[in-house]
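In my numbering, the protein residues as written are 60 to 317. A short write-up of the structure that comes next.
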């Protein structure tokens with residue numbers, strides 16, 4: 060394919076056949092995006108070049124001093140450097156773009172950059188949950204599972220019973236709260252579990268109005284099940300658990316499974 064482009068056609072110093080050849084070369088270069096193993100000569104800003112060596116379509120920058128990679132045909136995608144640069148964008152409050160939390164009148168920056176955690180999320184050219192920022196203890200409400208669930212000692216005895224479960228998509232530290240109360244007298248206990256094992260402080264109540272408990276719990280991993288277990292500590296009582304809520308210093312989604 061031709062990479063030659065002659066700006067001086069037609070020219071009075073050439074015969075018609077020479078001008079016709081130059082015009083054909085010009086059209087061939089344009090038709091093939093100046094395809095070639097090396098950069099075409101005499102580039103101008105906005106000029107296309109299909110680099111047959113790298114199998115990448117390139118565009119001459121506005122300053123006419125560099126070629127910008129536009130599309131990587133070898134891998135069927137925009138070049139990684141372009142993705143890492145252009146996936147980071149500022150979302151402005153009030154623009155109709157849904158962002159969790161109260162932005163007020165400010166901005167929030169979202170996006171991806173090359174590497175591992177934080178500013179290096181695309182090291183292996185893919186994003187996974189383990190590469191994204193983990194939970195940090197804070198007061199931002201991530202999710203709530205508020206419905207009250209009760210267990211009767213006459214039916215299940217005095218053993219801990221799982222009543223709520225949330226699957227996490229990230230690791231880190233979470234602030235976890237829940238409400239616990241008891242009816243029919245006696246004492247009720249409540250405790251946060253991870254994948255079936257107790258990790259939170261055991262709580263106890265003896266009142267029908269109950270108490271809301273909160274605790275920062277660390278050591279969570281992606282895919283963990285955060286669970287609320289309650290029990291009747293005395294026969295004849297009924298334990299009630301509700302308002303399981305998770306808080307973080309950042310915004311990360313998760314799935315309620317029970």
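We put the CB at the ideal spot given by N, CA and C, even for glycine.
Once you ignore the five residues that flank residue 132 on each side, which residues in its own chain have a CB closer than 8 Å to its CB?
A distance below 8 Å between beta-carbons, with the five flanking residues on each side excluded, links residue 132 to the following residues of its chain, in chain order: 114, 115 and 116.
By DSSP's criteria, residue 130 is part of a beta bridge. Which residues make up the other side?
116
Quick check: the segment 218 to 229 against the segment 296 to 303, are at least 3 beta-carbon pairs closer than 8 Å?
yes
To the nearest angstrom, how far is it from the Cα of residue 254 to the Cα of residue 121?
56 Å
Let's see if you can read the secondary structure: which residues bound the beta strand (DSSP E) around residue 94?
It is not in any beta strand (DSSP E) - residue 94 carries neither H nor E in the DSSP assignment.
Can you tell me which of the three DSSP states residue 224 falls into?
strand
Closest by C-alpha distance to residue 217, when choosing among 93, 75, 290 and 127
290
Take residue 226 as the anchor and find which of 215, 204 and 237 has the nearest alpha-carbon.
204
Spatial neighbours of residue 283 within its chain, please: C-beta separation below 8 Å, excluding the five flanking residues on both sides.
Its chain contains 226, 227, 230, 253 and 254 as the residues whose beta carbon lies nearer than 8 Å to that of residue 283, once the 5 sequence neighbours on both sides are disregarded; these appear in chain order.
Pull up the DSSP beta-bridge partners for residue 257, would you.
252
Length of the line joining the Cα atoms of residue 109 and residue 134
15 Å
Does residue 298 come out as helix, strand or coil in the three-state DSSP assignment?
Here residue 298 sits in strand by DSSP.
Neighbourhood of residue 70 by C-beta distance below 6 Å, restricted to the same chain and skipping five residues each side
none
Which residues share a DSSP beta bridge with residue 242?
297
In the DSSP assignment, what are the bridge partners of residue 303?
DSSP, once it has assigned bridges, lists 204 as partnering residue 303.
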